[in-house]
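Novice: Taking the working numbering, I'd label the letters of the sequence shown as residues 338 to 418.
Where is the CB? At the ideal position from N, CA and C, for every residue including glycine.
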Amino acid sequence: MKNLSERIRQRRSALKITQVELAKKTGVKQQSIQQIEAGITKRPRYLLELAKALQCNPHWLMYGEEKSSRLSSRNPPSLTF
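(1) What is the rounded straight-line gap between the Cα of Trp397 and the Cα of Arg349?
(2) With DSSP collapsed to three states, give me the class of Glu358.
(3) Hey, His360 and Lys366: beta-carbon distance below 9 Å or not?
(4) Let me know if Arg344 comes out buried or exposed under the rule of 16 or more other beta-carbons within 10 Å of its beta-carbon.
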């Protein structure tokens, strides 16, 4: 997915929900969802609500990549005495 609008449309389609249903779940107007999907709105204020309604990670929704923790990818340091 190249951008936010494509990722939202893809997740919404995968969940088989309409723009109206997504709008109700996020507490915004359907026109707001349409503007995001059309690429007019680039950084929605309600990104967390969208991610929750679309059952996905907000970082992925915004940037197209999973947020990884530096510590989770490394072995914890061992202590020697």
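Specialist: On the basis of the coordinates in this document:
(1) 14 Å
(2) helix
(3) For the record, residue 360 in the displayed sequence is Ala; it is not His. Contact: yes.
(4) buried
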